[in-house]
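These notes concern the structure reproduced below.
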Amino acid sequence: MLQVVNLSFQYKIDKALDRVNLVVHDGDFLLLTGANGSGKTTLLKILAGLLPVQSGEILFDGKVLSQNDLRMLCGYVFHNPVNQIIGSTLEEDVAFGLENMGVPRSKMHEQVTEILEIFQLSQLKNEDPMSLSAGQAQKLAIASVAVLKPKYLLLDEPTSMLDDLGCHQVNQVLKALNQMGMSIVISTHEIYQFTDLARRVIHLCRGTVDFDGSIDEFISSPIDDVEK
Amino acid sequence: MMLKNEVKKMGIFQLELQDVSFSYDNSKLILHEINMVIESQDFVLITGQNGAGKSTLLRLISGILKPKSGTVKINGRSIYRQKDYFKMIGFVMQYAEDSFCCDTVFDEIAFASRNFGLDRIEERVQNAARIMGIDQEAFSKSPYDLSNGEMRRLAIASVIAHDPFLLVLDEPFVGLDKAGKQFLRKVLENWKKNNRATVVVSHQLKYLTDLANKIFNLQSGRLSKVDSV
């Protein structure tokens, strides 16, 4: 269980998060939503260890986590996949994280092949990632993080560039990863894309949590700044 | 006379793609013999699946890429011989932050206008910010400290400031919340009323179909005109 306690964060000028408290349970499929500037991306980046915990704390099974602990526990998929694509082929890109974790070559090949198949990217494995369409690049970015099997997979608007087919494919993959025990947290403005999968919604308003409940409760709530 | 002044004076803007084909690596064609005309007040919506070639087509329209064969002409002349073609185009990329290059929101909005040697920079920035709903308090912020939706609005303000004739928008609704999408829709409506042209690639069709007077579908690099989506 990942527990966020009184988390606050301040950029140079703006306060992005103000005493946020929330829990991500094991196996959760959680949507994080709210208007532009409400703090969604900042929260995800702190959980992923990309931004420091300035105030408050984050605990895993009761133990306070350092920024480095968070990096090992959570995988983060950027809103813009190009921000995290490094390899000169899709295969290299997916293998990058595993290689850095010291996974043996034969095992690495097996895992890369498996995840490329799951994401239906096998045919493109020797292509340059920079030649992919936005939708394909978004799938590659998720695959490259999912292959590391993080306990918590955090995704910032993962289907925003995808067509219906792409959304369906990504949702199927996220469903499978969730069933394998990975907790999924998605920042999105389009709740309706995940209604079949998500169990909980957290809504942020100006850096504070003002809703935490089931997706059905959220849909019937008066909150109307996102597309339900 | 410079092209932009000529278009302004005559009030005629016509961009024509004739048999445009494109390949990134000379082996596989991404676009096949595209023909398309964009005129003043046109609102062109391009749909298609991921990987169909939509973003490549927008880069060709914007003059960032050159076709392997075929021509792109503005008012009958090749865009590649018109030094001020870029002054007439406002191209917003898929990912807003890809276009940022300044330390502050103000400088980002002013960037293109300054580079084009335009006058009234302060006024242009204020006006573009007002149109896109960017508060003056944000002017001193780093563009990278903004939320995804705020970045999107900044990217559009940055190209509106130099007053182009054609807005080219690649997935402009991505990252915007519900209010932001409704706001942008209103901006695009007003843009059209001001006799300006727009080309949009988007999956968020419900905000655009009734605005569009030309709808194209791109499938495996081949463009076809459709009545509705």
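Chains A and B are the protein sequences, given in the same order.
Take the first sequence: its letter number 194 is residue 273 in the working numbering, and every next letter is one higher.
Take the second sequence: its letter number 198 is residue 199 in the working numbering, and every next letter is one higher.
We put the CB at the ideal spot given by N, CA and C, even for glycine.
Bear in mind that the values here come from a model prediction, so they are computed numbers and not experimental data.
Within the region 138 to 200 of chain A, complete beta strand (DSSP E) segments of at least 3 residues are found at 153 to 156, given in chain order. Your pair lysine 228 of chain A and glutamine 248 of chain A does not check out as a contact, with CB atoms roughly 19 angstroms apart and the cut at 8 angstroms. Taking a contact to require three or more Cβ pairs closer than 8 angstroms, the region 274 to 294 of chain A and the region 156 to 163 of chain B do not qualify as touching. Assignment of valine 226 of chain A by DSSP, reduced to helix, strand and coil, places it in the coil class. With contact defined as three or more Cβ pairs closer than 8 angstroms, the region 106 to 118 of chain A and the region 158 to 167 of chain A are not in contact. The beta carbons of leucine 18 of chain B and asparagine 36 of chain B sit closer together than 9 angstroms. Lysine 226 of chain B is outside the set of residues whose beta carbon lies under 9 angstroms from a beta carbon in chain A. Under the 8 angstroms Cβ criterion, the region 101 to 110 of chain B counts as touching the region 124 to 132 of chain B, having at least three qualifying pairs. Within chain A, the residues placing a beta-carbon under 7 angstroms from that of glutamine 95 of chain B are Ala213 and Met240, ordered along the chain. One Cα belongs to lysine 55 of chain B, the other to asparagine 85 of chain A, and the distance between them is close to 45 angstroms. When C-beta distances to chain B are compared with 9 angstroms, the residues of the region 289 to 306 of chain A below that value are Asp303, Asp304, Val305 and Glu306, in chain order. Think of a sphere of 8 angstroms around the beta carbon of aspartate 178 of chain B: the chain A residues whose beta carbon falls inside it are Gly113, Ala114, Asn115, His268, Asp304 and Val305, in chain order. Shown here for glutamate 236 of chain A: same chain residues with a beta carbon closer than 7 angstroms to its own, the five before and five after excluded, namely His158, Ser266 and Thr267 in chain order. The three-state reading of DSSP puts aspartate 228 of chain B in coil, since its state is none of H, G, I, E or B. Residue environment analysis places glycine 118 of chain B among the exposed positions, since fewer than 16 neighbouring C-beta atoms fall within 10 angstroms of its C-beta. Contact note: valine 252 of chain A does not reach chain B at a C-beta cutoff of 7 angstroms; the least C-beta distance is about 15 angstroms. 9 angstroms or more divides the Cβ of leucine 122 of chain A from the Cβ of cysteine 153 of chain A.
Excluding sequence positions up to five before and after glutamine 89 of chain A, its CB lies less than 6 angstroms from no other CB in the same chain. Distance from the CA of glycine 150 of chain B to the CA of serine 185 of chain A, rounded to the nearest whole angstrom, comes to 43 angstroms. When the alpha-carbon of methionine 259 of chain A is set against those of A/Glu306, A/Phe108 and A/Val182, the nearest one is in A/Phe108. The way I'd put it, the region 130 to 138 of chain A doesn't touch the region 295 to 303 of chain A; fewer than three beta-carbon pairs between them come closer than 8 angstroms. Taking the CA atoms as reference points, tyrosine 208 of chain B sits about 50 angstroms from proline 183 of chain A.
Fully enclosed beta strand (DSSP E) runs of no fewer than 3 residues occupy 231 to 235, 262 to 266 and 279 to 284 of the region 197 to 285 of chain A, in order along the chain. Taking every protein chain shown into account, the CB of arginine 125 of chain B has 16 or more other CB atoms within 10 angstroms, so this residue is buried.
Collapsing the DSSP output to three states places phenylalanine 166 of chain B in coil. Cβ-Cβ distances below 7 angstroms link aspartate 242 of chain A to Gly214 in the same chain, with the five nearest sequence neighbours on each side left out; the list follows chain order.
Those residues of the region 124 to 156 of chain B placed with their C-beta closer than 7 angstroms to a C-beta in chain A are Lys142, Asp146, Ser148, Asn149, Gly150 and Glu151, ordered along the chain. Straight through space, the alpha carbons of leucine 189 of chain B and alanine 180 of chain B are spaced by roughly 14 angstroms.
Among the bridge pairs identified by DSSP, glutamine 82 of chain A is matched with A/Val102 and A/Leu138.
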